[in-house]
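Student: Chain order of the listed sequences is A and B. Its first residue numbered 3, the first sequence is counted upward by one per residue in my numbering. Its first residue numbered 68, the second sequence is counted upward by one per residue in my numbering. Beta carbons: idealized from backbone N, C-alpha and C, even for Gly. Input: one structure, supplied below.
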Amino acid sequence: MRNPLRYPVRKGVFLTWIFLSFQMLVMAQPTFPVNGITNPTTKSYAFTNATLVKDAKTTIANATLVIKDGKIVAAGTNIAVPKDAVVVNLEGKYIYPSFIDIYSDYGVPVPQRQMAGGGFGGPQQLESNKKGAYGWNQAIKPEVNAYEIFSVDDSKAAGLRNVGFGAVLTHQKDGIARGTGTFVTLANKRDNLVILKDKASAHYSLNKGTSSQSYPSSLMGVIALLRQSYYDAMWYKNSGAKEGVNLTLRAWNDVQSLPQIFEGNDKWNDLRAAKIGEEFGVKYIIKAGVNEYQRIQEMAATKSAFILPLNFPAPIDTDDPSDVRFVGLDQLKHWELAPTNPAAFEKAGIEFAFTTADLGNTSELFTNIRKAIQNGLTEQTALAALTTTPAKLLGVESLIGTLEAGKVANFIITNGPVFSDKTAILQNWVSGERFNVKNELWNDVTGVYEIAFNTKSGVKNYNLVLSAGGNASLIQGDTLTGKYTYTGKIFKLSYTEGKGANATETVLSGILSDKALSGTGLDAKANAFTFKGKFKNASTAAPAAAATTPAKEELGKVTYPFVAYGNEEQLKQEDILIKNATVWTNEKQGILQNTDVLIRNGKIAQIGKNLSAKGAKEIDGTGKHLTAGIIDEHSHIAAASINEGAQSVTSEVRISDNINPEDINIYRQLSGGVTTSHILHGSANTIGGQTQLIKLRWGKNAEELKFEGADRFIKFALGENVKRSSSTSNVRFPNTRMGVEQVLDDAFIRATDYQNALKAAATGKKGENVYEKVRRDLELEALSDIMNKKLFITMHSYVQSEIVAALRVAEKHGFRVNTLTHILEGYKVADKIKAHGANVSTFSDWWNYKMEVLDAQPYNAYIMQKVGLNTAINSDDAEMARRLNQEAAKSVKYGGMNEEDALKMVTLNPAKMMHVDNKVGSIKEGKDADLVLWTDHPLSIYAMSEKTIVDGIVYFDREKDAQMRDQIQAEKARLIKKMADLKRAPGGARPAGGFARPVPRYEVVLSCMDHTHNHGLLAVEEEDHQ
Amino acid sequence: MKSLLKIFCLVFFATSAMAQDNVYPGAPQKETIALINGTIHVGNGQVIENGMVVFEKGKIVSVGSKGTTPAGAKVIDVAGKHVYPGLILSSSNLGLAEVPSVRATLDESEFGEYNTNVRSIVAYNTDSRVINTLRNNGILLASITPGGGIISGSSTVVQLDAWHWEDAAVAMDNGMHFRMPNLLIRRGGRGGFGMFGAAASNVDPVQAGLNRIEDVKSFFKEAKAYLTEVKPAQTNPSFEATRKLFNKEQKFYIHCNVVKEMLIAVEFAKEFGFDVVIVGGSDSYLIADILKENNISVILNDMHSLPTMADDDVAQPYKTPGILQKAGVLFSINDTHTNSRYRNLAFNAGTAAAYGLTKEQALSAVTLNAAKILGVDKITGSLEAGKDANIVVSEGDILDMRSNLILHAFIQGRTVNLDDKAKQLADRYKYKYNIK
């Protein structure tokens, strides 16, 4: 075989070059002076006899590819080889389009964080520290253009080229709005020449990155900021004059026409991103994580395209059982199932591209794609995800991605099908320039050679057998074993004779070319010799057995949610007849003995004696108590963030934007009879964020958890927390309760002005968008909703002075505070609260852990209730929430409250204060079937929830809970064994990435930041975390 | 009965409408008292229906079914009520940390690592506002425990009705407290939302913990060597302070939670012959057999806690006492809840009764077991003749908030004033709103 690397340099194409350079200006830069002699070439090549994979769907045998000046001229069969082309024979080889990665930061500097922003106690940076006519928030920087800061970095480029990439979309991965990406080749040329499209995309994320500005400090803050930025840009476009020159908003508007790429990195964040897009008519391309298979239907429902990373988790080292104790079932399952992620997307019919982003090392690409293929991904889709799909998503499919005439000459040459583990990429051509990858494998040198050593003691003849993998044997009667290497030209061989201490080594090196080899050798006694040899025949050894496809392994199932105690199928509603229970109706009938309750279609259908219902599942309630489900008015479970504390007024943020349906505390609350929780923003600032009422539908997604039709609420807070009493370096207003009152008043003055401005701007014309004239302000809009009784306040409050001050501000602005929560000194001003008309929601017996609770006392609930306030007991704590019935019972102890009234404090009363008592809170025909069957008197310390029912679905069942525990053990045991087996497997079968140390996953406890929690060994308080 | 109770309460409030400052410790018991007709929960598992407890000069004289009431005794008829030994907080910062968020009120954690010579009792404030509220929930004794450092110092068992710490102490300096370095792998850096994870530390945190534990062992080895010297050239106060520990006059309380930490606690018992008690012990149920075999007792700190792992039994902390009981491990139930300030000790036990213990076992876990662990079972922890008359009378089952209402309490025979700040504040505002 002719060595294809020996290209004769052609000359005399000068005229062609002149012509092309005027046309395309691709191959050289006329404006740059040349130091030395110009050496213009057309770089014209013809690759013949190749298996040409034109695109993922089309493979052409015995094909020719012609390129010239960095472009493909022709591809296919029956193509005449141009006279000026260098011909490369690719018999037995494959050509593929080079890969495209559209989620890279190749060649773009990684910014460093300047200084830390304020945690809960630290000093805050309230304004942007970026100089220039930019926007107010440091994390919003659409003005950053990757093409302006991009520079070729050939060592990085080589890493990508070596795994087949020829072009990448690169951007600076920093900030919430990250600016534009630029589409470049991986050629080693001047920056000017590698940019294929300067402004190719716009990028967003949910991570503020290096921004040192305090706001936003939470996920929901990020989402609010993004939403506000869209509205700001819309307004700026129309009424920009008032803003002056705002380069950020200008850039924001400029980049909207580009493909919009959003970094989700996680299944729930992907959905959050899609939801933002929905509001503004943007269909983001979503950069995923590797856990989307856990919610693939939801992914499909976004109708978005995705960019999938391939960083599948390493198996966990399972050697130490006391470490493994702290590894969760979901972590083990995710290890097994993560490689199914791409296949899940394919099966769901979702378009996706692959990226090397998130890989520890780009060289893991093929291993992990093969894992994905083993787990059901088709090779065709895998190839498309590396070529045509990314090109299409970026709108550059006419430029790149397939091997067709006119496209950029980006292609790879391999010695086999590209995803086979036997295959190597030999060369990667970028813009018509060759880069060697594993070029040494171009020629298959395995086989039997006749070789002669010409030594001082005469000629020795051997048969030399070169095998795949670098093993050599030298045969002359006996067989000597050795190792060889071949670099495509230079051949080296070493072998030993004798054994143990007597073993001697001989080394040889020379040239192996065109099936002939020659060179020199040196034996152990320093005797030099020469050798020569030639190819005799192919190796007679049986070819390695065709790679056996590994037996289809049994995989665990996705559960909903994907955590312990999740179910393989979503739980179903059923008709249930509870027989012969003691029923606490919370209605006029009071407590009914020996009573039946029928549940149909998720509602309470009938209450009576001796009921029967066809098809309904019967539950014996004999000796048991049935109550309405417990409603927790103050909870911080099931959210990805709770406190947006970076400003004193953050009414624009919404808990609903960051519900976490996989919080195990949902299940734990169910085990204590809770069916509805009010998820509040924290108490870090005076006007916090909007809250979300959820039903504890374990397994459902964020949207499905929301209590449908419920009124919107917002959290306010007073006192020590909002004046940052624990901080010695606070700079945020307010610093006193005097300031807190003024923050409240000022907020509603601003909101009033805002309403008036909107009214004044509205002309009443059809199709008018008033927000083009008046900036839509999400913060003031929420406050204005409060004044218009469309949004209701739950106010964290402790001492009597601040309570009344806040009520008076509300009255001044014409609304009432719906709920005072905590309200530990409520008993002191119960009459004033009653006159105002607020509900109250308190702890049973907490006190004396901070200054503002010194006068707290456990008769509070009793006294407030006696004065006539609608009183609830809440938890503010995921642990205590499981015992709210007993917390309510403490008012029997402290004050002697009637037991039915006590139970109402955790059922009907919170339902009333949340305006949902028409649906929940009591056992009444027509209401939602949110019920708890207790083993004992529901106020007793001995009472356990046997069944907790939401919408007629039994979400917690004590018996099933025990069974699930066994299943969790069994599944963990299976997965641990699987990992242990891998560890014991012989070298080759062990995972290349090694084993991960089992690191306990600390759960950050999100809370008010108001008090401590007993949440187990692995809990980290949010304030410690920050 | 309910209305009687109300009358009782009203009368009580009316006569005791005074500031907490005027709630005086009781005078020494003068006359013999007989509690008759009550249900007596001895604390050791035994229940006597319709029984009688007689105590004089601060000591219990007799406990049994009702016989003849002693002549001259003051008789209190507690028919229908329940009589219990005073409950005991096994390990607490009561009186050391008044308002946890206010630094100036904290006397719990001293600087330094080997504070064997630090004594909690000297900082114990008998006028803490929290104390009276505990008596009102049946808690009459507590072990006052220092925090901080590696060796935090010594604890003292106190009774909760005293003018001064010197009067309060019932077992002075009888425990030494070791905060085991954490042997859980911790993630380097901060991670999480919007944060850049800091580079992980190069030092293996588990190894670092083990190294520190070795340092602690070296400390005790040196202390032991020091103590064998008849007259050391230079006095070392921290070594001197270990004398009681080596003499077994002090127990060695090791605060730790995970298996490896607890196994090291067992090793301390073997190596130094210390009387080891594990405090915390949230994973103790995993090695109950080993603890039993090595006579290691356990103070369970956080009954009302969430399980450690999502995978764990949702009720694991509630069930742990039942598992230890079954394995024969001596354990007590504690209350360290910072927000409710330890007043729910009885209900912690009640929860354990719902999830595996019998009610009397649960009671033992906050009375006799605690006394045994704290080394004061000869003088308290149960209603047995010869012991201090530390007695509470509850309206009903003391473990259940529905019926826990303390009607009488006696500490060393003294009648305890059951007024407290909470009642006074409630009373003041009932007056304001005219609530009867």
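(1) Kindly indicate which three-state DSSP category F260 of chain B falls into: helix, strand or coil?
(2) Which chain B residues sit within Cβ distance under 7 Å of V565 of chain A?
(3) Should G373 of chain B be flagged as near chain A, meaning a C-beta pair shorter than 8 Å?
(4) My guess is that D932 of chain A and A630 of chain A are in contact by the Cβ rule of under 8 Å, so how many angstroms apart are they, rounded?
(5) I need the boundaries of the alpha helix (DSSP H) containing D353 of chain B, first residue and last residue.
(6) Quick check on DSSP: helix, strand or coil for M26 of chain A?
(7) Counting contacts by CB-CB distance shorter than 8 Å, is V326 of chain B in contact with chain A?
(8) If the cut is a Cβ gap below 7 Å, which residues of chain B does M899 of chain A touch?
(9) Could you compute how far the alpha carbon of D919 of chain A sits from the alpha carbon of V952 of chain A?
(10) How do the region 910-919 of chain A and the region 934-953 of chain A stand: do at least 3 beta-carbon pairs fall below 8 Å, yes or no?
(11) Consider the Cβ of H1017 of chain A: report whether some Cβ of chain B lies at a distance smaller than 8 Å.
(12) Would you give the residue range spanned by the alpha helix (DSSP H) that R976 of chain A belongs to?
(13) Quick one: Cα of E507 of chain A to Cα of K527 of chain A, how far?
(14) If you measure between the beta carbons of A753 of chain A and M797 of chain A, is that distance less than 8 Å?
(15) Roughly how far, in whole angstroms, is the beta-carbon of K892 of chain A from the beta-carbon of S947 of chain A, given that I think they are within contact range, below 8 Å?
(16) Who are the near neighbours of H231 of chain B in its chain, counting only those whose CB is closer than 7 Å to its CB and skipping five residues on each side?
(17) Suppose contacts are defined by Cβ-Cβ distances below 8 Å. Is I198 of chain B in contact with L161 of chain B by that definition?
(18) Which residues in the same chain have their Cβ closer than 7 Å to the Cβ of F282 of chain A, if we skip the five residues on either side of it in sequence?
(19) Taking only beta carbons into account, state which residues of the region 829-853 of chain A come closer than 9 Å to chain B, listed in chain order.
(20) Hey, would you say G153 of chain B sits closer than 8 Å to N457 of chain B, going by beta carbons?
(21) Taking only the alpha-carbon atoms, compute the straight-line gap between R960 of chain A and N370 of chain A and give it to the nearest angstrom.
(22) Is the Cβ of R202 of chain B closer than 8 Å to any Cβ of chain A?
(23) Using 8 Å as the threshold, is the C-beta distance between I657 of chain A and Q694 of chain A below it?
(24) Rounded C-beta distance between M222 of chain A and D659 of chain A? I'm assuming under 8 Å.
(25) For G417 of chain B and H475 of chain B, I'd like the C-alpha separation in whole angstroms.
(26) Pull up the CB-CB distance for K484 of chain A and A474 of chain A, whole angstroms please, since I reckon it's below 8 Å.
(27) Could you give the first and the last residue of the continuous beta strand (DSSP E) run that contains V68 of chain A?
(28) Could you tell me which of B:F319, B:N314, B:G125 and B:L435 sits nearest to G220 of chain B, measuring between CA atoms?
(29) Whole angstroms is fine: what's the gap from S1029 of chain A's alpha carbon to V196 of chain A's?
(30) Between L600 of chain A and A618 of chain A, how many whole angstroms is the CB-CB distance? I'm expecting something under 8 Å.
(31) Under 9 Å, CB to CB, which of the residues in the region 925-946 of chain A have a partner in chain B?
(32) Below 8 Å between beta carbons: does that hold for L430 of chain B and G110 of chain B?
(33) Give a yes or no on contact between the region 411-425 of chain B and the region 376-387 of chain B, applying the rule of three or more CB pairs nearer than 8 Å.
(34) A332 of chain B to Y352 of chain B, Cα distance in whole Å?
(35) Tell me, please, whether the region 193-213 of chain A touches the region 265-275 of chain A by the rule of three or more beta-carbon pairs shorter than 8 Å.
(36) Count the other C-beta atoms from every protein chain shown that fall within 10 angstroms of the C-beta of P323 of chain A, then say buried if there are 16 or more, exposed otherwise.
Tutor: By the coordinates alone:
(1) Below a pLDDT of 50, predicted positions are generally treated as unreliable, and F260 of chain B, at 37, falls in that range; the measurement from the model is reported next regardless. Residue state, collapsed to three classes: coil.
(2) A377
(3) It is Leu, not Gly, that sits at residue 373 of chain B in the sequence shown. Yes, its Cβ sits closer than 8 Å to a Cβ of chain A.
(4) 7 Å
(5) According to the sequence shown, residue 353 of chain B is Leu rather than Asp. Here L353 of chain B belongs to no alpha helix (DSSP H), and DSSP marks it neither H nor E.
(6) Residue placement at M26 of chain A is poorly supported in this model, since its pLDDT is 41, which falls under 50; the coordinates are not used for a value here.
(7) yes
(8) None at all; the shortest Cβ gap to chain B is about 11 Å.
(9) 15 Å
(10) no
(11) Yes, H1017 of chain A counts as interfacial toward chain B.
(12) R960 to R986
(13) 9 Å
(14) no
(15) Actually they are not in contact, since the Cβ atoms of K892 of chain A and S947 of chain A sit about 19 Å apart, beyond 8 Å.
(16) T193
(17) Yes; because the gap between Cβ atoms is below 8 Å, this pair is in contact.
(18) Y232
(19) Y829, K830, A832, D833, F845, S846, D847, W848, W849, N850, Y851, K852 and M853
(20) Yes, these two residues count as a Cβ contact at 8 Å.
(21) 41 Å
(22) no
(23) In contact: I657 of chain A and Q694 of chain A (Cβ atoms closer than 8 Å).
(24) 5 Å
(25) 20 Å
(26) For clarity, residue 484 of chain A is Gly in the given sequence; the question names Lys instead. Sure, about 5 Å apart at Cβ, within 8 Å.
(27) T60 to K70
(28) B:F319
(29) Because chain A in this structure spans residues 3 to 1028, residue 1029 of chain A falls outside the shown range and cannot be described.
(30) 6 Å
(31) Answer in chain order: T937, D938, H939, L941, S942, I943, Y944, A945 and M946.
(32) yes
(33) yes
(34) 15 Å
(35) yes
(36) A residue is called buried once 16 or more other Cβ atoms fall within 10 Å of its Cβ, and P323 of chain A, having fewer, is exposed.
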